[in-house]
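Asker:
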Amino acid sequence: MTQERSNNPQEEERFSLRPIEEGARFPFSCHPGVSCFNECCKQIDVLLTPFDVVRMKNVLGIQSDEFMVKYAEMQKFKGTELPLLKLKMNEGEKCVFLGEEGCTIYENRPVVCRNYPTGVATKKPDEEAGKNSFFIIEEKMCKGHFEKDQWTVHEYKENQGATELDKQNHTWLEIVARLKSMELKNDRDQKMNIFIMVSYDLDSFRSFVFNSSFLNRFDIKDEVVSQIKSDDEELLKFGFEWLKFALFAEGPIHPRK
Ligand code: SF4
Ligand code: SF4
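Structure below.
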């Protein structure tokens, strides 16, 4: 899941992706003193993960469906029918959370904003787990690459608070990778609606679990039911397992016998 520049036919000339070994260092620092401050928060596709949405809607004190309408929009992943949520751009193609002083949700900014300028090559679902292939996104307008601080990719992610979020989103990213490569047939719309509800509209998923026949139909332990009732992050993790059942007929969630 990466940031992508939008609406620019010459975008490939504006940046390059430089491969970097796992333990190698790269120079980078971003702070209000750089001449390009905030430039990277314009004309950009910031794809959101489920944990991003939960953190942001909770800090804004709104429900997930309201967040989706006010602050985000759907786009289909290139060449597929897979709907992914991204941040809205305001007038002037500025991120909806960009203020005069910079990011107005900095403590809860999405994981792709935290990881920038690092990236990891997406593995195909059938590729074996092994060494990751990292790269550095070098954009011409970004002056952070000329600063003195030096990082390995892992040090940088840890410093930006991305490491834990990457772990939380891991199962979901695996589901996304499988969906991207799957040919969805006549049940496509139903599957995509389930994917959208669990991934981005957690308050509706909670209502689906607790205000329908769901708990009568599925064999869920009492302690799990009490955990997911009040804890958004636990509900989301449970949702990922439910997605595995609903999309691929696998995983630990089973109908009652
Ligand atoms: S363009 Fe680079 S240095 Fe400038 S604000 Fe964005 S990340 Fe920071
Ligand atoms: S969420 Fe914050 S850091 Fe990310 S693009 Fe928007 S303003 Fe920039």
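So the sequence shown is numbered by the numbering used here: it starts at -3 and just counts up by one. Heads up, the beta-carbon is just placed ideally off N, CA and C, and yes, glycines get one too. Keep in mind that this is a model prediction, so the values were computed, not measured.
Can you pull the DSSP bridge partners for A68?
Answerer: DSSP lists L83 as partners of A68.
Asker: Please report the distance separating the alpha-carbon of M188 from that of H250.
Answerer: Each residue's Cα considered, the two are about 20 Å apart.
Asker: L211 and V261 - do their beta-carbons sit closer together than 8 Å?
Answerer: A question about residue 261 goes unanswered here, because the residues of the chain that appear run from -3 up to 253.
Asker: Express the C-alpha separation of E237 and P248 in angstroms, rounding to a whole number.
Answerer: Approximately 7 Å between the Cα atoms of the pair.
Asker: Rank R105, N128, T159 by C-alpha distance to the C-alpha of K53 and give the top, closest one.
Answerer: Of the listed residues, the one whose Cα sits closest to K53 is R105.
Asker: Quick one: measure Cβ to Cβ for P23 and H150, integer angstroms, because I've assumed they're closer than 8 Å.
Answerer: Their Cβ separation, rounded to whole angstroms, is 16 Å, which puts P23 and H150 out of contact at 8 Å.
Asker: What does P15 pair with, by DSSP beta-bridge criteria?
Answerer: The partner list for P15 (beta bridge, DSSP) reads F131.
Asker: Give me the Cα-Cα distance between Q156 and E87, rounded to the nearest whole angstrom.
Answerer: Their Cα atoms are separated by approximately 28 Å.
Asker: When the Cα atoms are used, what is the spatial distance from G19 to F130?
Answerer: If I take the Cα positions, the gap works out to 10 Å.
Asker: Can you give me the C-alpha to C-alpha distance between P46 and Y196, rounded to a whole angstrom?
Answerer: Taking the straight line from one Cα to the other gives about 5 Å.
Asker: In angstroms with no decimal places, state the Cα-to-Cα distance between F234 and E135.
Answerer: Approximately 38 Å, taken between the alpha carbons.
Asker: Please state whether the Cβ-Cβ distance between L239 and I190 is less than 8 Å.
Answerer: Against a cut-off of 8 Å, the Cβ pair of I190 and L239 comes out as a contact.
Asker: If you reduce the DSSP assignment to three classes, tell me which class D41 lands in.
Answerer: Residue state, collapsed to three classes: strand.
Asker: Using the rule of at least 16 other Cβ atoms within 10 Å of the residue's Cβ for burial, across every protein chain shown, is M193 buried or exposed?
Answerer: By the neighbour-count rule (16 or more Cβ atoms within 10 Å), M193 is buried.
Asker: Taking C-beta to C-beta, are T100 and K176 nearer than 8 Å?
Answerer: No, they are not a contact pair.
Asker: So, at 7 Å on beta carbons, what are the nonlocal neighbours of Q164 in its own chain, with the 5 sequence-adjacent residues on each side left out?
Answerer: Counting only Cβ-Cβ distances below 7 Å, and skipping sequence neighbours, we find F47.
Asker: My parser needs the alpha helix (DSSP H) runs of 4 or more residues fully inside the stretch 173 to 229; what are they?
Answerer: As far as the stretch 173 to 229 is concerned, its whole alpha helix (DSSP H) runs of at least 4 residues are 184 to 196, 198 to 206, 210 to 213, 218 to 226.
Asker: List the DSSP bridge partners of V92.
Answerer: None; V92 has no bridge partner.
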